[in-house]
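For reference, the structure discussed in these notes is given below.
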Amino acid sequence: MPSEVPLSRSVPSASSTSHMAPLGYALFATRWLQAPLYFGLVAAQGVYVFKFFNELWKLIEHVLGGQADETHVMLAVLKLVDVVMIANLLIMVIVGGYETFVSRIGLQGHRDQPEWLSHVNSNVLKVKLATAIVGISSVHLLQMFVDVHHTPEHDLLWGTLIHMAFIASAAILAYMSGPMASHGARPHEHGPHVPYEPGDQDGGRDGRRGPATLPAVVVPRQPGGDHVAAGAEERIAAAGFPARKRLETFDTGHLRAPDPLVLDRLGGLDFVGRRENVVFLGGPGTGKTHLAVALGVRACEAGRRVLFATAPEWGARLRRAKAADRLAEELAALDAYALIVVDELGYVPFDAESAQLFFQLVSHRYERASLIVTSDRPFGRWAEVFGDAGVATATVDRLAHHAEVVTLEGGSYRTRRLEEAAVAGWADAAVR
Ligand code: ADP
Ligand code: MG
Numbered sequence: 001m002p003s004e005v006p007l008s009r010s011v012p013s014a015s016s017t018s019h020m021a022p023l024g025y026a027l028f029a030t031r032w033l034q035a036p037l038y039f040g041l042v043a044a045q046g047v048y049v050f051k052f053f054n055e056l057w058k059l060i061e062h063v064l065g066g067q068a069d070e071t072h073v074m075l076a077v078l079k080l081v082d083v084v085m086i087a088n089l090l091i092m093v094i095v096g097g098y099e100t101f102v103s104r105i106g107l108q109g110h111r112d113q114p115e116w117l118s119h120v121n122s123n124v125l126k127v128k129l130a131t132a133i134v135g136i137s138s139v140h141l142l143q144m145f146v147d148v149h150h151t152p153e154h155d156l157l158w159g160t161l162i163h164m165a166f167i168a169s170a171a172i173l174a175y176m177s178g179p180m181a182s183h184g185a186r187p188h189e190h191g192p193h194v195p196y197e198p199g200d201q202d203g204g205r206d207g208r209r210g211p212a213t214l215p216a217v218v219v220p221r222q223p224g225g226d227h228v229a230a231g232a233e234e235r236i237a238a239a240g241f242p243a244r245k246r247l248e249t250f251d252t253g254h255l256r257a258p259d260p261l262v263l264d265r266l267g268g269l270d271f272v273g274r275r276e277n278v279v280f281l282g283g284p285g286t287g288k289t290h291l292a293v294a295l296g297v298r299a300c301e302a303g304r305r306v307l308f309a310t311a312p313e314w315g316a317r318l319r320r321a322k323a324a325d326r327l328a329e330e331l332a333a334l335d336a337y338a339l340i341v342v343d344e345l346g347y348v349p350f351d352a353e354s355a356q357l358f359f360q361l362v363s364h365r366y367e368r369a370s371l372i373v374t375s376d377r378p379f380g381r382w383a384e385v386f387g388d389a390g391v392a393t394a395t396v397d398r399l400a401h402h403a404e405v406v407t408l409e410g411g412s413y414r415t416r417r418l419e420e421a422a423v424a425g426w427a428d429a430a431v432r
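If you want it as structure tokens, here you go:
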């Protein structure tokens with residue numbers, strides 16, 4: 001009997017507020033004080049609209065009056081671009097700031113939802129603002145250079161210096177937001193890292209809850225509640241999954257192991273934030289591919305890029321890169337994927353070169369990005385697959401160091417009906 005119960009309920013997102021301390025709740029409610037500030041910025045936006053049309057009208061008048069040469073037009077257009085860029089900056093602060101610091105606007109699924117809003121946080125916002133300011137200051141500088149004969153040398157010098165300062169500060173901010181976002185990624189050193197996910201209100205995804213505090217009913221912790229980041233469909237299509245599978249349709253009752261709670265925890269995707277690996281081991285039909293795909297789909301929905309292929313396919317891909325003398329570039333390009341799935345390691349043994357290359361893939365991603373590997377045989381038998389005990393051991397060493405190794409114990413789900421029928425047949429025979 002399939003027991004769909006364990007993985008099919010979703011988290012009531014409001015539940016977390018019920019146990020919030022009243023004082024904390026009151027403090028938290030003061031964020032609404034900020035709301036009028038954003039509406040004030042909307043008024044400022046209106047000022048820019050007025051300014052834009054004012055400038056545009058002046059330009060048209062000049063052109064019609066025949067007083068505008070090419071430089072003049074270019075300067076006027078640059079001024080218009082400048083105004084638009086500042087207006088863009090404003091809308092970014094208004095929407096992004098309101099969404100981050102006051103309240104969710106609920107644009108998810110809206111046709112015009114800006115791409116950046118799905119992963120906005122104060123770090124992202126700072127970097128976006130800094131790059132917008134660099135853009136604006138470039139336009140200013142360009143204006144000065146176009147009109148270089150009328151710009152005092154002093155202004156030019158300062159303009160250039162200030163522009164450089166903006167670039168430097170944007171670069172520093174961008175650099176800091178990278179390591180900062182991944183800082184503490186090693187749970188063993190800094191405690192679990194909970195990556196920011198929009199809509200994440202339960203704060204309970206850190207995987208540290210001991211068994212004693214776990215709820216009786218297992219709830220799949222979808223990162224970001226029910227929220228699906230923009231572009232999820234594109235990422236799912238690009239990942240190359242052989243079929244679309246979901247954790248919610250995985251019948252944990254079919255298996256003796258693992259504990260459904262393990263799958264629930266993996267579904268929270270903390271391992272991706274921590275750049276750790278997952279290894280699914282088990283006989284044919286125990287659901288290894290299903291689980292690997294389901295986690296991959298979730299990662300896509302949480303805004304991560306994922307790439308799926310079987311072990312022989314990865315071997316071939318890496319061999320092609322090596323033959324073209326661009327293995328290093330290929331491995332670096334794969335860093336763009338937060339999660340790579342290597343399915344079916346073991347059915348087809350690697351040739352010597354593929355084994356080496358696969359080791360390099362695992363070693364390159366070690367503590368850098370996540371892998372999910374599925375195999376029909378335990379680590380102890382990977383030497384058969386790699387054809388070389390040394391390479392196999394070195395690979396397992398790096399793969400399993402920061403990994404959840406999940407052994408799926410049970411019969412094949414594909415042939416479960418046959419087994420049930422066979423058992424029923426025996427029972428019938430015994431009764432007769
Ligand atoms: P494996 O990769 O371990 O050989 P698959 O993941 O390909 O097995 O599973 C075979 C088929 O059975 C797939 O269609 C999969 O969706 C389904 N399946 C396997 N295990 C389960 C399960 N526990 N609950 C629901 N479907 C399952
Ligand atoms: Mg499979």
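For the sequence shown, full-length UniProt numbering assigns the number 1 to the initial residue and increments by one for each residue that follows.
Backbone N, C-alpha and C fix where the C-beta goes; we use that ideal spot for every residue, glycine too.
Backbone secondary structure at Ser370 - three-state DSSP: strand
Within-8 Å CB hit, Phe53 to chain D: In the structure shown, chain D cannot be found, because there is only a single protein chain.
Would you say the region 370 to 377 touches the region 342 to 356, given that touching needs at least three Cβ pairs under 8 Å? yes
Distance check for Gly287 and Gly253, CA to CA, integer angstroms please. 12 Å
DSSP-derived helix/strand/coil call for Val228: Correct three-state label for Val228: coil.
With DSSP as the reference, identify every bridge partner of Thr100, one or two as the case may be. Answer is none; Thr100 lacks a bridge partner.
Taking DSSP as the reference, what is the three-state secondary structure of Ser412? In the three-state reduction of the DSSP assignment, Ser412 falls in the coil class.
Heavy atom of the ligand SAM within 7 Å of Glu344 beta-carbon: Among the ligands in the structure shown, the ligand SAM does not appear; only the ligand ADP and the ligand MG can be found there.
Taking Glu313 as the reference, give the member of Leu23, Ala324, Ser354 and Val93 with the closest Cα. Ser354
Beta-carbon separation of Ile340 and Leu318 under 8 Å? Result no, Cβ atoms of Ile340 and Leu318 do not sit closer than 8 Å.
Regarding Lys288 and the ligand MG, is the C-beta to nearest heavy atom distance less than 7 Å? Yes - the ligand MG has a heavy atom lying nearer than 7 Å to the Cβ of Lys288.
Nearest-angstrom beta carbon gap, Ala403 and Val278 [assumed within contact, 8 Å]: 6 Å
Once DSSP output is grouped into helix, strand and coil, what is the label at Ala403? strand
Which residues in the same chain as Cys300 place their Cβ atom closer than 8 Å to its Cβ, once the five residues preceding and following it in sequence are excluded? Excluding residues up to 5 positions away in sequence, Ala232, Arg235, Ile236, Ala239 and Val306 lie with their Cβ nearer than 8 Å to the Cβ of Cys300 in the same chain.
For Thr249, verify whether its CB is less than 7 Å away from any heavy atom of the ligand MG. no
What is the rounded straight-line gap between the Cα of Trp32 and the Cα of Ala338? 36 Å
Could you check how far apart the C-beta atoms of Gly267 and Leu247 are, in whole angstroms? I think they sit under 8 Å. 5 Å
I need the straight-line Cα distance from Tyr413 to Asp264, nearest angstrom please. Spanning the two alpha carbons is a distance of roughly 20 Å.
Compute the Euclidean distance between the alpha carbons of Ser169 and Val385, then round it to the nearest angstrom. 50 Å
Any idea if Phe145 is buried or exposed, counting beta-carbon neighbours within 10 angstroms, 16 or more meaning buried? Counting Cβ neighbours within 10 Å, Phe145 comes out exposed, since fewer than 16 surround it.
State whether the region 130 to 139 contacts the region 75 to 91, with contact taken as three or more CB pairs (one from each stretch) at a distance under 8 Å. yes
For Ala76, I'd like the list of residues in its chain whose CB is within less than 8 Å of its CB, leaving aside the five on either flank, ordered along the chain. Glu55, Lys58, Leu59, His62 and Ala68
Would you decide whether Gly96 is buried or exposed? Buried here means 16 or more other CB atoms lie within 10 Å of its CB. Its Cβ being crowded by 16 or more others within 10 Å, Gly96 is buried.
Beta-carbon proximity check, Thr407 vs Pro258, cutoff 8 Å: yes
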